[in-house]
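Enquirer: Before we start, here is the structure in question, set down as structure tokens.
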Amino acid sequence: MKLKTVFPFILLLISFQSFAQIAPDTYYIQFTDKNNSPYSIDNPLQFLSQRAIDRRVNQGIEIVENDLPVNPQYMQGVADAGAIILNATKWLNGVTIYTESQTVVDNILALPYVSSALKLVNKESTEEKSFFKNESFGEIDLESFITERSTSELNYGAAENQIDQINGIPLHNMGYQGQGMVIAVLDGGFVGVEEHPVFDSLWANSQILGTRDFVHPYDQDVFTESEHGKSVLSTIGANEPGQMIGTAPKANFWLLRSEDVMTENIIEEYNWVSAAEFADSVGADVINSSLSYQDFDMPQWDHSYEDLDGNSAPSTIGADMVTSKGVLVCNSAGNSGDSGFPWNAAPADADNILSIGAVNESGIRAEFSSIGPTVDGRIKPAVMAQGSGTIVARNTEGVGPGSGTSYSSPIIAGMSACLWQANPTMTVLEIQAAIKESASRADSPDNLYGWGIPDYMEAHTIMTDIEFPLENKEIHVKTFPNPFNSMLSIEVKSTVNENVEFELYNLIGSLILSEHHQINSNSTISLFQYQLRTLNAGIYFLKINSNGNTSTIKLIKQ
């Protein structure tokens, strides 16, 4: 089968040079605006696939200016100045470039639409870095992993525990195995995916939709340099009965290389953003990123704890942005939990993604699993899955145990795709909220386990049990903002004065808060101003009772 390799939507009039390694002198060029763009939000098919547009429509997400590609005239100007353009990022509105000449950089800075040039790389590494601190492979008797479970209709082989632990088997038995869902895997290389037998069905059924290399964009070979992506992908897409089955064996996949395994430079975060933009544009539903950024070969780019505020690191900004486009992001929490810097690193500090920690086969937190809180006090990680002794694809055939949050994250990503397949009308934030609500520590989340180990059948039950009463004909209510953080305003419009009761329920139907208000015509009130600050993130339902009429509005607390 010929694999589809996709190049950018915008073709640049620059010479395509092939080089094996991105050498020193790599920069990020920041543009000032997107003025005079040939693209328009009124014609999104110029830059988004129909699937990406449909995702936005289904979740009520508008197409806005940051969806527009970087102005190609600006990119051409940078190329004409003598730089080799590596990748563009429309959300950050800039490009990464390679040049050996300071004169080229000076000429670029003189362009009226360029605001700055940041030097990202100034040295090479000749040895492959430790891809994820504390990640390891073990050697054990795989027969000890294989058990007979009457609930399983699939023969998961040695991988059964890691799926049973999150109660994903019932969803698989119901037929939700990822069909029709698209998962983008961001990693550092996919050596072995082309020949390992656990992926035979992915190739036979054309489930690998394509690849894209953001590290060496002029070579476009993701099947090189690292086997890490192979092991990660196997926890989702493996389908070799009796040996290993992943959490979404019938999903479709994009394999995107954003990580340079030979270095640790901040350009990889810009690559991450470009890859996330690409995943959005081709219509991905879920992104798995088993990547983490804190310290770099150039120490001036190191992230301090204060940087991990959910808004600062380039990859963190990109993670929140792609979530705002309706894509679910699952990111490894990191493997520094037993170090002097134990925190979730970028982009796991992002506000609206699922950062995934690691437990062992018994559900006990792995010591290396990174912890929270973020500097602004948010709980991290979000949830946990097996990341110690996880069964993954190894070598050119066979499977074995590996350890690291690199493997707990894709377990969650794949099963979340199945959950979304079963509940296709839900938004990305509703999917996240149901996963957290189903988890083992939902009543008392902490900064070691987050909300705990999800129960995916419970998450499905939570979603399918929701009932929506008839809309009140006499009272019109608008809530804002929704999703909300600490304060929720409710605009009530009525032709008469009314005594209205407001009740807030959680997903399982428990009454959380209640208030009575006398409402005047066209009045605006604020409810539960102090209590909302202490609520856990999740889905809630505001029940409004007025003169015997009832309405219910779904709310999302971030």
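According to the numbering used here, the residues represented by the sequence shown are 3 to 560, in order.
Note that the Cβ used here is the ideal one computed from N, Cα and C, for glycine as well.
1) If distances are taken between C-alpha atoms only, which option among Asn337, Asn95, Glu197 comes closest to Ile319?
2) Would you identify the three-state DSSP class for Met176, choosing helix, strand or coil?
3) Does the count of Cβ pairs from the region 257–270 and the region 207–226 closer than 8 Å reach three?
4) If I follow the unbroken beta strand (DSSP E) through Asp189, where does it start and stop?
5) I'd like the list of long-range same chain contacts for Ser228, defined as Cβ closer than 7 Å, with 5 residues on each side in sequence excluded.
6) Assign Ala90 to one of two classes, buried (16 or more other C-beta atoms within 10 Å of its C-beta) or exposed (fewer than that).
7) Would DSSP call Val200 helix, strand or coil?
8) What residue range is occupied by the uninterrupted beta strand (DSSP E) comprising Val80?
9) Please classify Lys382: does DSSP put it in a helix, a strand, or coil?
10) Counting pairs of beta carbons, one from the region 178–187 and one from the region 274–290, are three or more of them closer than 8 Å?
11) Can you tell me which of Phe49, Gly79, Ala119, Gln48 puts its alpha carbon nearest to the alpha carbon of Thr28?
12) How is Leu513 classed by DSSP in three states: helix, strand or coil?
13) Can you tell me the Cα-Cα spacing of Glu242 and Glu155, whole angstroms?
14) Indicate the three-state DSSP secondary structure (helix, strand or coil) for Pro412 in the structure shown.
15) What runs of the beta strand (DSSP E), each 3 residues or longer, lie entirely inside the region 206–294?
16) Do Asp353 and Asp322 have their beta-carbon atoms positioned less than 7 Å apart in this structure?
17) Distance check for Asp299 and Glu369, CA to CA, integer angstroms please.
18) When we look at the beta-carbon of Gln167 and count the other beta-carbons within 10 Å, is it buried (16 or more) or exposed?
19) Determine the DSSP secondary structure at Gly404, reduced to helix, strand or coil.
20) Considering just the uninterrupted stretch of the beta strand (DSSP E) at Ser117, what are its terminal residues?
21) Determine the direct distance from the alpha carbon of Pro349 to that of Thr98, and round the result to whole angstroms.
22) Who are the Cβ neighbours of Glu279 in its own chain at under 7 Å, not counting the five residues just before and after it?
23) Classify Arg53 as helix, strand or coil using the three-state DSSP reduction.
24) Do Ile355 and Ala435 count as a contact pair if the criterion is CB distance below 7 Å?
25) Should Ile65 and Ala83 be called a contact, given that it needs their Cβ atoms to be closer than 7 Å?
26) Which residues mark the beginning and the end of the beta strand (DSSP E) in which Val107 is found?
27) Could you spell out where the beta strand (DSSP E) holding Tyr507 opens and where it closes?
28) Just to confirm my understanding: we take Thr398, look at its own chain, exclude 5 residues before and 5 after, and list those with CB closer than 7 Å. What are they?
29) Would you mind sorting Thr249 into buried or exposed? The rule is 16 or more other CB atoms within 10 Å of its CB.
30) Determine the direct distance from the alpha carbon of Asp56 to that of Glu500, and round the result to whole angstroms.
31) So, Pro426 versus Ser440, is the Cβ gap smaller than 7 Å?
32) Have a look at Pro316, Trp422, Gly244, Ala444 and flag the residue whose alpha-carbon is nearest the alpha-carbon of Ile393.
33) Pick out whichever of Leu70, Thr536, Ser512, Gly180 has its Cα sitting closest to the Cα of Gln209.
34) Might you give, ordered along the chain, the residues of its own chain that have their beta carbon closer than 8 Å to the beta carbon of Ser51, omitting 5 neighbours on each side?
35) Considering only the alpha carbon of each residue, which of Gln75, Ala539, Tyr100 lies closest to Asn37?
36) Could you check if Asp351 is buried or exposed, using at least 16 other CB atoms within 10 Å of its CB as the buried criterion?
Expert: According to the data block:
1) When each option's Cα is compared against that of Ile319, the closest is Asn95.
2) It is coil, neither helix nor strand.
3) Output reads yes: the region 207–226 touches the region 257–270.
4) Taken as a continuous stretch (DSSP letters only), the beta strand (DSSP E) holding Asp189 covers 184–189.
5) When the five nearest sequence neighbours on each side are left out, the beta carbons in the same chain lying within less than 7 Å of the beta carbon of Ser228 are those of Phe133, Gly190, Gly191, Val193, Val263, in order along the chain.
6) Buried is the call here.
7) Looking at Val200 - three-state DSSP - the assignment turns out to be helix.
8) Annotation: Val80 is outside any beta strand (DSSP E); the continuous alpha helix (DSSP H) that includes it extends over 74–82.
9) Coil at Lys382, not helix or strand.
10) The region 178–187 vs the region 274–290: in contact.
11) Ranking the options by Cα distance to Thr28, first place goes to Ala119.
12) Looking at Leu513 - three-state DSSP - the assignment turns out to be strand.
13) Rounded to the nearest whole angstrom, the C-alpha separation of Glu242 and Glu155 is 14 Å.
14) Correct three-state label for Pro412: helix.
15) Within the region 206–294, the complete beta strand (DSSP E) runs of at least 3 residues are 210–215, 254–259, 288–291.
16) Yes, they are a contact pair.
17) In a straight line, the C-alpha of Glu369 is about 26 Å away from that of Asp299.
18) It counts as buried.
19) In the three-state reduction of the DSSP assignment, Gly404 falls in the strand class.
20) Element bounds for Ser117: 116–123.
21) Roughly 19 Å between the two C-alpha positions.
22) So the qualifying residues of the chain are Thr91, Lys92, Trp93.
23) The answer is helix: DSSP assigns Arg53 an H, G or I state.
24) Not closer than 7 Å, so no.
25) No, the Cβ-Cβ distance between Ile65 and Ala83 is not below 7 Å.
26) Annotation: Val107 is outside any beta strand (DSSP E); the continuous alpha helix (DSSP H) that includes it extends over 104–111.
27) Under the DSSP assignment, Tyr507 falls in the beta strand (DSSP E) whose first and last residues are 500–508.
28) Excluding sequence neighbours, Thr398 sits near Gly194, Glu197, His198.
29) That one is buried.
30) Their Cα atoms are separated by approximately 40 Å.
31) Contact check for Pro426 against Ser440 fails: the beta carbons are separated by 7 Å or more.
32) Ile393 has its Cα closest to that of Gly244, out of Pro316, Trp422, Gly244, Ala444.
33) Out of Leu70, Thr536, Ser512, Gly180, the CA that lies nearest to the CA of Gln209 is found in Gly180.
34) Once the five neighbours on either side are set aside, the close Cβ partners of Ser51 are Ser283, Val284, Gly285.
35) Looking at the Cα atoms, Gln75 is the closest of the given residues.
36) Within a 10 Å sphere around the beta-carbon of Asp351 sit 16 or more other beta-carbons, which makes this residue buried.
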